[in-house]
Amino acid sequence: MKQWVNILLACIVVAGTCLSGCKKFLEVEPSDRFTGADFWKSDKDAEMGVTAAYSLLRSRMGNAAIYVSSDFRPGNWNFWAKRNFIALSTNQMQSADLSLQDGLGALRDGWKEFYQAIAMANLCLAKIPEMSDATISSDQKARYMGEARFIRCFTYYLLVTYYGDVPLQFDPYDTKLKARSNMLNILDTCILDLQLAAKDLPEAYADPTFRAVRATKGAAHALMAHMYAWKAGFDKTRANEWWKKCADECQAVTDLRQYRLMPYAPEIFKDMFKGRSEEGIWELSMDANYGNSYGGFMAQWVLHQPILATSTTLYGGLASEITIKKEFIDKLYPPGKSDARFTLWFEDPYSTLNPQSSMFLKYSAIADPGTRSFDFNILYFRYAGVLLLQAEALAELGGKDGEAMGLLNEIRRRAQAEEYTGTGGKDLKDAIFMERTKELMGEGQRWIDLVRTGRVMDINECENYLTQDQFNRRAWTWPIPVGAIRTNPLLVQTAYWVQ
1 MKQWVNILLA
11 CIVVAGTCLS
21 GCKKFLEVEP
31 SDRFTGADFW
41 KSDKDAEMGV
51 TAAYSLLRSR
61 MGNAAIYVSS
71 DFRPGNWNFW
81 AKRNFIALST
91 NQMQSADLSL
101 QDGLGALRDG
111 WKEFYQAIAM
121 ANLCLAKIPE
131 MSDATISSDQ
141 KARYMGEARF
151 IRCFTYYLLV
161 TYYGDVPLQF
171 DPYDTKLKAR
181 SNMLNILDTC
191 ILDLQLAAKD
201 LPEAYADPTF
211 RAVRATKGAA
221 HALMAHMYAW
231 KAGFDKTRAN
241 EWWKKCADEC
251 QAVTDLRQYR
261 LMPYAPEIFK
271 DMFKGRSEEG
281 IWELSMDANY
291 GNSYGGFMAQ
301 WVLHQPILAT
311 STTLYGGLAS
321 EITIKKEFID
331 KLYPPGKSDA
341 RFTLWFEDPY
351 STLNPQSSMF
361 LKYSAIADPG
371 TRSFDFNILY
381 FRYAGVLLLQ
391 AEALAELGGK
401 DGEAMGLLNE
411 IRRRAQAEEY
421 TGTGGKDLKD
431 AIFMERTKEL
441 MGEGQRWIDL
451 VRTGRVMDIN
461 ECENYLTQDQ
471 FNRRAWTWPI
481 PVGAIRTNPL
491 LVQTAYWVQ
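Right, dumping it as structure tokens:
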């Protein structure tokens, strides 16, 4: 049977399985309804179809330590006995150690689940336009199609940042095997798709439980901004064009007036990082109150008693499995410089009680310390990150240093940190990059930022740095899954990972 037929059938089965226990918009009927003759007849059917696409992506990201790989791969953390993360942080992506625990080897072992989410979105986009206007309004159709387009494009963005070139599949009925498409061409295709989505998506939803976890205009503009930033990093001849578009998309997010920077205060910041805050733009819902929980979350490794029951009795349970390196934290937060993030997000940062007593507290709003199942959302796009991306774009364009500094200092003021008063050019770009590193720690952005800026080749920026030759052969990617190559002879392994 053809690969794409298998993926589509699998996505239908998984949709029913992963949605059966969810509440609110996560609730659907049995999976066989997606292909039944009586399906795609009402607004409820369209809702269930789009919800299935969300859930398939959520299921993939929620069952393995994929999200945290971007924070840990640069190697600025102590991983102690975690051999899987040691392999990750030394770029041993084909090591057996990677799959020892935590599902860390999931990206190397398979990408089927990502394509299941894409296949479900494709099916929605094929079926919803055919639905009768008597049973679903044109506005509802447009919104659901906007959501499906967003899910499809966001999933491709993840695939591009993980693997580089990947197969592109937009037609649910095309059963031909696909070779890998150029990653920049994929982003071009997705940007055109997102431009359509942005017209049809709402600015916000009346139901507050949908905030940031369903696609909106803001999410579409934020995604396009990140795609343009990636293009600017890899298409140097047109970099200024892409940076201009990136800055414009970031400004479009601000112009919606749907988001604001939340105060950094002890209780407010904890709730903010649980998700659905006024600062959140796009998140994957992992809230247990809505029927989901996340087993691959950073909190389980960077916290210990009394905040969280540890999986080890080392040092009487007062030891984190992963701790930040002292040299890295001194670089981010030089001694004597005030910053609310250092005060709020770190407990015993220099591990003075014992070698592993440090804790990273960003995700520390844990209701039950005895459980190791977490209900924080997976945060992808937050307003602070968009402002800093806009600052980066403006600094790269030149002639707009004042605007870039203003955005940078907006973030610094919120953190009660010293404002930037330096010069433009390289110093400003370095300051903005450093601010993104601090502000977005633990939010799945660091490796992506290092790769797209080329700073992954700078030993001063990245402990797990690459040489120019390694970068050119795409050592920054994950290997294409062997199983995918085995079932699709058109796929060729990335040059660096050919053994």
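Residue numbers (full-length UniProt numbering): 1 to 499.
Glycine included, each C-beta is placed from N, C-alpha and C at the ideal position.
Note that the structure is predicted; figures quoted are calculated from it, not measured.
Since residue i and residue j should fall inside the 8 angstroms C-beta cutoff, what is the C-beta to C-beta distance between them, to a whole number of angstroms?
i: P229; j: L389; result: For the sequence presented, residue 229 should be read as Ala rather than Pro. With 8 angstroms as the limit, A229 and L389 qualify as a contact, their Cβ atoms being about 6 angstroms apart.
i: G280; j: R382; result: 6 angstroms
i: Y350; j: G442; result: So it is not a contact: roughly 19 angstroms between Cβ atoms.
i: G233; j: R452; result: 3 angstroms
i: L56; j: E113; result: 7 angstroms
i: V302; j: S320; result: 5 angstroms
i: E418; j: K331; result: Between K331 and E418 the Cβ distance is about 15 angstroms, and since that is not below 8 angstroms, they are no contact.
i: N76; j: E463; result: 6 angstroms
To the nearest angstrom, report how far apart residue i and residue j are at their CA atoms.
i: L125; j: L407; result: 38 angstroms
i: R211; j: Y259; result: 11 angstroms
i: A393; j: P481; result: 34 angstroms
i: T161; j: I448; result: 7 angstroms
i: C153; j: I191; result: 8 angstroms
i: I143; j: N84; result: Here the sequence assigns Arg to residue 143, which means Ile is not the residue at that position. Each residue's alpha carbon lies about 42 angstroms from the other.
i: N460; j: I329; result: 13 angstroms
i: T90; j: C250; result: 34 angstroms
i: T437; j: L466; result: 19 angstroms
i: A53; j: A148; result: 7 angstroms
i: residue 504; j: A367; result: Nothing can be reported for residue 504: it is not among the residues displayed for the chain, which extend from 1 to 499.
i: I66; j: L177; result: 26 angstroms
i: G495; j: R455; result: It should be noted that the sequence gives Ala, not Gly, for residue 495. So the two alpha carbons sit approximately 21 angstroms from each other.
i: V28; j: V50; result: Confidence at V28 is low in this model, with a pLDDT of 35, below 50, so the placement of that residue is unreliable and no value is reported for it.
i: W497; j: I485; result: 13 angstroms
i: P489; j: G110; result: 16 angstroms
i: K141; j: Y380; result: 26 angstroms
i: D339; j: L361; result: 15 angstroms
i: R238; j: G483; result: 36 angstroms
i: F376; j: L187; result: 29 angstroms
i: F25; j: K127; result: Caution is warranted here: a pLDDT of 35 is assigned to F25, below 50, making its placement in the model unreliable, and no coordinate value can be reported.
i: L491; j: W282; result: 32 angstroms
i: L107; j: L159; result: 10 angstroms
i: M61; j: Y115; result: 13 angstroms
i: S31; j: F39; result: At S31, the pLDDT of 46 sits below 50, so the modelled position is not reliable and the matter cannot be decided from this model.
i: Q101; j: V68; result: 14 angstroms
i: D71; j: G146; result: 30 angstroms
i: K270; j: A365; result: 5 angstroms
i: residue 500; j: V386; result: Residue 500 cannot be examined here, being either before or after the span of the chain that is shown, 1 to 499.
i: C246; j: M227; result: 8 angstroms
i: M457; j: L450; result: 8 angstroms
i: E267; j: R341; result: 13 angstroms
i: T487; j: T254; result: 45 angstroms
i: A87; j: W476; result: 14 angstroms
When the Cα of residue i is compared with those of the options, which residue comes out closest?
i: S95; options: I366, W478 and G62; result: W478
i: K326; options: T313, L314 and S358; result: S358
i: L318; options: Q468, L353 and M286; result: L353
i: G103; options: V492, N409 and S59; result: S59
i: Q493; options: F39, G164, V68 and N63; result: G164
i: T371; options: Y380, S311, G398 and D248; result: S311
i: T155; options: M224, N409 and K426; result: M224
i: E435; options: T423, A415, G444 and G425; result: A415
i: I378; options: C246, R214 and S132; result: R214
i: P202; options: G218, R413 and A365; result: G218
i: Y205; options: A64, R276 and T189; result: R276
i: D235; options: A365, S42, G62 and N182; result: N182
i: E130; options: S42, T209 and R180; result: S42
i: T323; options: P335, F346 and Y333; result: F346
i: K400; options: L428, F374 and R412; result: L428
i: A64; options: G402, G296, P355 and Q499; result: G296
i: I151; options: A384, T216, D207 and P369; result: T216
Please check if any C-beta of chain C sits within less than 7 angstroms of the C-beta of residue i.
i: Q305; result: Although the question refers to chain C, the structure presented lacks it and comprises just one protein chain.
Examine the ligand PLP and report whether any of its heavy atoms sits within less than 6 angstroms of the Cβ of residue i.
i: A219; result: With respect to small molecules bound, the structure shown includes none, and the ligand PLP cannot be examined in it.
Contained alpha helix (DSSP H) runs [length at least 4] in the segment 315 to 402, N- to C-terminal order: 326 to 332, 340 to 345 and 383 to 397
Suppose only complete runs of 4+ residues qualify. What are the alpha helix (DSSP H) ranges in the segment 156 to 186, listed by chain order? none
Flag this pair as touching only if the segment 165 to 173 and the segment 114 to 121 have three or more C-beta atom pairs under 8 angstroms; answer yes or no. yes
Tell me, please, whether the segment 127 to 146 touches the segment 40 to 52 by the rule of three or more beta-carbon pairs shorter than 8 angstroms. yes
Can you check the segment 58 to 133 for any alpha helix (DSSP H) of at least 4 residues that lies completely inside it and give the ranges in chain order? 69 to 72, 83 to 89, 106 to 109 and 112 to 127
Inter-stretch contact at 8 angstroms, needing at least 3 Cβ pairs: the segment 234 to 244 / the segment 304 to 323: no
Enumerated in chain order, which unbroken segments of the alpha helix (DSSP H) with a length of 4 residues or greater are wholly contained in the segment 468 to 498? 468 to 472 and 482 to 487
The segment 96 to 103 in contact with the segment 71 to 81 per 3-pair CB rule at 8 angstroms: no
Would you say the segment 263 to 270 touches the segment 194 to 210, given that touching needs at least three Cβ pairs under 8 angstroms? no
Extract the residue ranges of the alpha helix (DSSP H) inside the segment 237 to 321, only unbroken runs of 4 or more that lie entirely within it. 239 to 255, 266 to 272 and 299 to 302
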